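These protein sequence lines map, in sequence, to chains P and C. Per our numbering, the very first residue in the first sequence carries number 3; after that it's consecutive. Per our numbering, the very first residue in the second sequence carries number -18; after that it's consecutive.
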Amino acid sequence: MLALEEAEPLSRKAYRELEEAVGPENVSEEPGVLDGYAWQPTFNISPESWADRPAAVVLPGSTEETQGVVRACNAHGIKFKAHSTGWGIFNACMSGSVILDMRRMNRIVEIDEKNMYAVIEPYVSGAALHAELTRRGLNCHIIGAGAGASPLASATSGWGNSWDSIYMSYSPRNVLATEWVLPTGELLRLGTLGQEGTWFSGDGPGPSLRGLMRGWCGAMGGIGVFTRVAVKIFNWPGPAEVTDDGLLLDFDPPIPDNFRMFMAVLPDSKAFADALYKIGEAEVGYMSAKNSIGMLMAAAMPHLLRKLPEAPMLVRMLDAFHYQFQHILAGNSGRELAYQEKTFRRIISDHDGFLLDLGDTPLGPLIFWGLVKSSMPPLIFRMGGQFTNFCGFDESWDAMVRTAEDGEKIKRKWIDRGGLLEDLADNAWMLPQEDGMFAHAEQLVLYDPRDERQMKLLPNALANGLLSAISNCQYPGPMGINPQVRQLLSPMMSYYNHWTKKFKNALDPLNVADDIAYTSEEVVDEIGMDLAELELDLSPDELVRLVTDRMGVMTPPRGLTLEPGLSGREDSGAESPASNSRGGKGGTDGTA
Amino acid sequence: MAFETGQMVGFMQVAYRNGTLDRFMRIFGKSVYGLMDENGTSFDVLIHRLDEGGAAAIANFERLLSRSGPLMKLVSRDWVMRAASRMLDVKAFAGLLSLAIEMTLAVYLAKNEGRERPVSDTLKRYLRKLGRNRGVVKEPDPFATPGRDVM
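Have a look at this one:
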């Protein structure tokens, strides 16, 4: 795939049909306009920062118009891909696809206070929904990508973790009834919407299709267009409106009386892990996250962070805060808040930790509103201009603590070699979800895309992060959109890519939904993740052992015919899956 | 003699266990709010000014930290921290400490930005501020929460 490759223009007949579907003012094939959609620098480790140029962009304003566009694409065999707020390389399309930019569908259709859900269209942002809900004493899950991102996108088509996940879970668990334009143009209404026209459940009657719709990480636009969705909403015991001047670090109105904002610090990883479990059991926490000291400094004091290599004593002091997290308590009454604070303090004390009551300092309001409004994410770009991540994802809290430590070791090596920006190496963004029932972690990697050395070394760091994730039996995050990575992960994850391909073939017989980050074998950025080309911490023998060991983890379920070319099994010429046991391929002795 | 990371953690644990850390955070917060009022700046601007600390400022801080080991060891005792907590409960002492922190930060920022004034000037300014504050009936702390009182 070439950057800014000139796409084949659409036939005039096809273009006219798109115009008929949405109106001529809502279709464009101007190169300058299209390049705006091809510029996808985030999570794109290609030095070019561009993805392919689409053939045209259309802006449907309703479900019917969306269906019209999809039908036109079917009629002319043109690929299409929709995106909402369009954040990251996941929104990239194949050369020549038609992009459906859903920005005209920006309505909050309904807020059902009694049944605690909101029905939204694709371009409703987290910020807009949050603002409407807080007026009613309610709140919504806003993902870590920030308040500008679309809750519909993460609920139907991608990931979606956040600092509120301790209470509000994550996007895949918050999705209810859904309106879905299939790749054929037909309309499918999931859950109660399909039965009685209400939105309160995403399941039934009969088998739930939510797993098919989004699985764990979504189809990234590869199986149609989601035009409306109901998402769960939550309690907000804070003020109906908050007004203050300023943005980001300037936005710091006082913390409401019935909230508390702490930084909790534990002495070591065991205490850190154990304390979070106890906090989850006690169900005290409105928001909770480890935003590492390196990340906080990168966001607020990037110049000082760059000077840290010259300040070993300061680094030593900051290292005392290695196992810390920020925690917000909320009470519906003073008494409830007092109970929560007492419980929280006791748990921290029982684990030999200490608390910094940030509410007493100007730092408290700043972080508090940054988390509540999810307004901080843009600050991640401050240090070097870009970031990406690796290691782990949604698993037990213990596993996430381990994965964060493994990632830190990998990062330290590549920071010292000048491949990544200095962020104290520990930059794991860690979230307990649903009161610690499970958790999320990403090892964040800061880099400067203008730095040639960093761009050369970065894929190596990510590849080692990928292997670390595989050795821990974990999904490696956004890297999973690469076909080579899917091949590696396939055998240890129920051959999921074979299933998704079957779904895709069944739903999209003409293969017109652009599945570049879903089931396609085309590399979404220009780099991909070809291990043979990269410098790995493992020796070739260790690598072979790790990969073959993981490939032997799971035999394909009965009835699943492996699609040729989708996983390493048949490509590697290995013996038949049934006879390929773990013991037969060498032990799982923690080689990596 | 420099401190070790574990020593720093131990120091914070003792300070928290005896209530010193909570009291200090309140005083430190008051100092920073005071500095912002005095300079008419927002916290954002203050962070940026601290972020732009020059090599000399960092070297000074490093020197201070590299000598802090013995003192940290000395004060990382429960009885010392209990005594410190009691002292911080004395309003006059807490007020003086808050002002001292504010003044130290002001001197650091002035030095860092090359608009250094004699320390005596800064001291006089803060003594005047101390005089202004005497006898003033304080408004209720806007950041106090009912939760804390119930505790």
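Positions of the beta carbon are idealized from the N, C-alpha and C atoms, including for glycine. Values in this document were obtained by computation on a predicted structure and should not be read as measured data.
For residue i, is the classification buried or exposed, using 16 other Cβ atoms within 10 angstroms of its Cβ as the cut-off for buried?
i        : result
P/E66    : exposed
P/T563   : exposed
C/K72    : exposed
P/Q197   : exposed
P/P174   : buried
P/H132   : buried
P/D35    : Contrary to the premise, residue 35 of chain P reads as Val rather than Asp in this sequence. Exposed is the call here.
P/H442   : buried
P/A242   : exposed
P/N117   : exposed
C/A37    : exposed
C/G(-13) : exposed
C/P51    : exposed
C/S12    : buried
P/G70    : buried
Leaving aside the five residues before and after residue i along the sequence, list all residues of the same chain whose C-beta is less than 7 angstroms from its C-beta, in chain order.
i      : result
P/L192 : A179, T180, W182, G204, L211, R212 and M215
P/N108 : E123, Y125 and V126
P/L536 : P461, N462 and A465
Quick one: residues in its chain with C-beta nearer than 6 angstroms to the C-beta of residue i, no 5 flanking neighbours on either side, listed in chain order?
i      : result
P/I113 : A120
P/D408 : S470
P/V403 : S271 and A275
P/E285 : D437
P/P480 : F45
P/M385 : A300, P304, L423 and L448
C/G34  : N93
P/P485 : E523
P/F505 : L214
P/E19  : A74
On the DSSP letters alone, give me the boundaries of the beta strand (DSSP E) that residue i sits inside.
i       : result
P/R455  : Per DSSP, P/R455 belongs to no beta strand (DSSP E); it is in the alpha helix (DSSP H), E454 to S473.
P/L268  : F261 to L268
P/D114  : I110 to D114
C/Y(-3) : Taken as a continuous stretch (DSSP letters only), C/Y(-3) belongs to no beta strand (DSSP E), being part of the alpha helix (DSSP H) at T(-14) to R(-2).
P/M289  : M289 to A291
P/R191  : L189 to L192
P/T363  : Where P/T363 is concerned, there is no enclosing beta strand (DSSP E), given that its DSSP letter is neither H nor E.
Residue i versus chain C: which residues are under 7 angstroms apart at the beta carbon?
i      : result
P/H305 : D32 and E33
P/L368 : F24
P/D252 : S23 and D25
P/A277 : The contacting residues do not exist; P/A277 stays about 13 angstroms from chain C at best.
P/K309 : I39
Hey, quick one: how far does the alpha helix (DSSP H) through residue i stretch, first residue to last?
i      : result
C/V13  : T1 to N20
C/M68  : D59 to D70
P/D2   : Missing from the structure shown is residue 2 of chain P; chain P here goes from 3 to 594 and no further.
P/Q489 : P485 to L491
P/D359 : Run containing P/D359: none in the alpha helix (DSSP H); it sits in the beta strand (DSSP E), F356 to D359.
P/H305 : P304 to K309
P/D408 : W399 to D418
P/I101 : Segment V100 to D103 is the beta strand (DSSP E) holding P/I101; no alpha helix (DSSP H) there.
Strictly below 7 angstroms CB to CB, what residues from chain P border residue i?
i        : result
C/T(-14) : R318, D321 and A322
C/M6     : L358, D359, D362 and T363
C/D3     : D359
C/Y(-3)  : F356 and L357
Along chain C, which residues have their Cβ under 8 angstroms away from the Cβ of residue i?
i      : result
P/V267 : V(-10) and M(-7)
P/A302 : I28 and D32
If I measure Cβ to Cβ from residue i and keep anything under 8 angstroms in the same chain, skipping five residues before and after, which residues do I get?
i      : result
P/Q388 : P43, T44, L448, Y449, D450 and P451
P/M297 : I382, D425, N429, W431 and L446
C/E19  : E83, A87 and K110
P/G575 : With a pLDDT of 38 at P/G575, under the threshold of 50, the modelled position of that residue is not reliable, and the figure given next carries that caveat. Closer than 8 angstroms at the Cβ level, and outside the excluded window around P/G575, lies no residue.
P/P256 : P367
P/G217 : Y498 and T502
Please compile the residues from chain P whose C-beta is within a distance smaller than 8 angstroms of the C-beta of residue i.
i        : result
C/L46    : M315, L316, R318 and M319
C/F9     : D362 and T363
C/V13    : T363 and P364
C/A(-17) : M315 and R318
List, in chain order, every chain C residue whose beta-carbon is nearer than 9 angstroms to that of residue i.
i      : result
P/E312 : A36, I39, A40 and E43
Please determine if the segment 262 to 273 of chain P and the segment 309 to 329 of chain P are in contact, where contact requires at least 3 C-beta pairs separated by less than 8 angstroms. Contact holds: three or more Cβ-Cβ distances are below 8 angstroms.
Inter-stretch contact at 8 angstroms, needing at least 3 Cβ pairs: the segment 355 to 365 of chain P / the segment 418 to 434 of chain P: Segments in contact, no.
Are the segment 456 to 472 of chain P and the segment 430 to 437 of chain P touching, with three or more C-beta to C-beta distances below 8 angstroms? The segment 456 to 472 of chain P vs the segment 430 to 437 of chain P: no contact.
Taking contact to mean at least 3 C-beta pairs separated by less than 8 angstroms, is the segment -8 to 1 of chain C in contact with the segment 348 to 357 of chain P? Verdict: yes, contact present.
Do the segment 146 to 154 of chain P and the segment 246 to 256 of chain P touch if we need at least three Cβ pairs shorter than 8 angstroms? They do not touch, by the three-pair rule.
Per the contact definition of three or more C-beta pairs closer than 8 angstroms, is the segment 221 to 228 of chain P in contact with the segment 75 to 95 of chain P? Yes: at least three Cβ pairs fall under 8 angstroms.
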